[in-house]
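Residue numbers (full-length UniProt numbering): 1 to 190.
Ideal placement from N, C-alpha and C gives every residue a C-beta, glycine not left out.
Contents: one structure, followed by commentary.
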């Protein structure tokens with residue numbers, strides 16, 4: 001039985017909160033060390049993402065991929081059919097990872113530089129790095145796992161808090177045909 005990433009994240013956060021209470025952040029050398037750890041962690045993540053981008057571009061997998069994207073929560077719209085290639089799909093997933101990482105760095109920058117919070121630097125040096133290695137793109141393009149089973153595209157979107165998120169992405173033939181017949185199909189992802 002595999003332990004859920006959310007549970008391991010919670011354990012790491014609780015553990016690091018206890019550890020961070022014992023770290024003398026008021027010592028300038030310790031603070032610089034923790035800042036360096038945070039920067040190194042983000043440079044590693046950036047390096048992984050750039051390598052993944054290189055792998056996606058090198059493979060140029062133009063296999064057609066069709067799936068039904070759920071309507072935004074509460075919008076009342078019908079689900080939308082998306083027709084794309086594996087290369088375009090992986091590139092869009094990677095762009096989403098880049099944006100997410102940039103948002104995290106921006107928020108951490110505001111919290112640390114403006115509000116002078118230091119404890120989150122330690123936690124944010126570990127959790128995003130752990131998350132990067134748990135991502136489907138990394139499993140397929142870095143670790144070379146076959147894109148089958150749970151790694152078959154399109155990937156399930158990671159649910160938000162407590163697994164509550166948008167509806168599920170569907171790639172079964174019946175869902176695709178229903179979306180094509182409803183007139184919401186054929187949207188080519190750019």
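Supposed contact pair residue j and residue i - C-beta distance, whole angstroms, cut 8 Å
| i | j | result |
| --- | --- | --- |
| residue 52 | residue 138 | 7 Å |
| residue 81 | residue 179 | 4 Å |
| residue 121 | residue 35 | 6 Å |
| residue 193 | residue 56 | In the structure as shown, the chain starts at 1 and stops at 190, and residue 193 therefore has no counterpart that could be examined. |
| residue 192 | residue 123 | Residue 192 is absent from the structure shown; the chain starts at 1 and stops at 190. |
heavy atom of the ligand NAP below 6 Å from residue i C-beta
| i | result |
| --- | --- |
| residue 176 | Only the bare structure without any ligand can be found here, which leaves the ligand NAP out of the picture. |
Rounded C-alpha distance that separates residue i from residue j
| i | j | result |
| --- | --- | --- |
| residue 131 | residue 98 | 13 Å |
| residue 72 | residue 170 | 14 Å |
| residue 41 | residue 129 | 6 Å |
| residue 87 | residue 154 | 12 Å |
| residue 62 | residue 85 | 5 Å |
| residue 77 | residue 6 | 30 Å |
| residue 43 | residue 135 | 17 Å |
| residue 89 | residue 38 | 30 Å |
| residue 182 | residue 19 | 55 Å |
| residue 12 | residue 110 | 23 Å |
| residue 163 | residue 144 | Because the pLDDT at residue 163 is just 47, under 50, the model does not fix this residue reliably, and the value given afterwards should be weighed accordingly. Taking the straight line joining both Cα atoms gives about 27 Å. |
| residue 3 | residue 9 | 10 Å |
| residue 54 | residue 150 | 23 Å |
| residue 147 | residue 60 | 15 Å |
| residue 172 | residue 28 | 57 Å |
| residue 152 | residue 83 | 16 Å |
| residue 14 | residue 104 | 19 Å |
| residue 74 | residue 100 | 23 Å |
Spatially closest choice to residue i from the options, by CA coordinates
| i | options | result |
| --- | --- | --- |
| residue 46 | 19, 16, 102 | 102 |
| residue 133 | 10, 12, 38, 48 | 48 |
| residue 70 | 173, 13, 168 | 168 |
| residue 175 | 151, 107, 79, 28 | 79 |
Q.
Can you confirm whether the segment 63 to 74 touches the segment 93 to 100 when touching is taken to mean that 3 or more C-beta pairs between the two stretches lie within less than 8 Å?
A. no
(Q) Quick check for students: name the residue ranges of the beta strand (DSSP E) that lie wholly in the segment 55 to 140, counting only runs of 3 or more. (A) 64 to 69, 80 to 85
Q: Determine contact between the segment 109 to 117 and the segment 17 to 29, defined as no fewer than three beta-carbon pairs at a distance below 8 Å.
A: no
Q. At what residue ranges does the segment 5 to 47 contain a whole run of the alpha helix (DSSP H), taking only runs of 4 or more?
A. 5 to 21
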